Amino acid sequence: ELNEDFAKKLEHKSVEDFKDQVRKEIEGSEKGRIEGEMRDALLKKFVEANPVEAPKSLLEEQRKALVDDFKNRLTQQGFNDDNFDEYQQKWKDDFDKTAEFMVKSAFLIDKLAEEEKLQATDKDIDDKFEAMAKQWGMEKEKIKAFYKEKQGLDRMKYQITEDNVFQYLLKNSKVDEVVKPKTEAKA
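The sequence shown begins at 224 in the numbering used here and counts up one residue at a time.
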């Protein structure tokens, strides 16, 4: 039962405090989902509007990385190699299309970032570390050391650059907001 005692066991001051926290988490999750969908749709349109040839060697390398990642996830779920071979054949076209999209979009992101000077700067990276430290309650230097040790700095730079390109595309695109009709709550 949701009452004051239960809320306090979950380290909240009151039921209202607990409800506020849950509401904020749901809103944050929904905002992230919507932004992700918008990002995917915008990137898809960007790739469609700017055809580019992707070298076969890069396509094959990306496809192999996707297949390896997928195989690792299935193995963790208890699937064996026989199951995997069946799935790999079943989803070959999806792997090929995804690899092609990833390679083409990376080319276009890099090109636009270069042309519009949207690459991650040292300040961008430092700001990201600062935000992470604040969010996780850790020292910024420890987070930096972790990223340097795990060779994650290049990935972070690319993510920041990708975010900068997304913001640029969003600012320079016509995006129509669609309001989802409210559904009635079930009793």
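Every residue gets a Cβ at the ideal spot worked out from N, C-alpha and C, and that includes glycine.
Quantities reported herein were computed from a predicted structural model and do not represent experimental measurements.
Met261 is positioned such that its CB atom lies closer than 9 Å to that of Leu393. Between the stretch 314–324 and the stretch 284–304, the count of Cβ pairs shorter than 8 Å is three or higher; the stretches touch. Of the residues Lys363, Tyr391 and Gln299, the one whose Cα lies closest to the Cα of Glu339 is Tyr391. Closest by C-alpha distance to Lys380, out of Asp347, Phe389, Glu353 and Asp243, is Asp347.
Distance check between Leu281 and each of Glu309, Asp240, Lys313 and Ser328 places Ser328 closest, using alpha-carbon atoms only. In this structure, Asn273 keeps its C-beta atom at 9 Å or more from the C-beta atom of Leu225. Here Val388 is buried. Its C-beta has 16 or more other C-beta atoms within 10 Å.
For Ala322, the enclosing alpha helix (DSSP H) begins and ends at Lys315 to Glu338.
In this model, Glu250 and Lys397 are separated by some 25 Å (Cα to Cα). The alpha-carbon separation between Trp359 and Phe229 amounts to approximately 26 Å. For Val290, the uninterrupted alpha helix (DSSP H) segment begins and ends at Lys279 to Gln299.
Note on geometry: alpha-carbon atoms of Lys313 and Leu265 lie some 28 Å from one another.
Distance from the Cα of Tyr370 is smallest, within the candidate group Thr384, Ala277, Lys357 and Asp349, for Asp349. Pairing Lys315 with Lys267, the inter-Cα distance amounts to about 20 Å. For Gly360, the secondary structure class from DSSP, reduced to helix, strand or coil, is coil.
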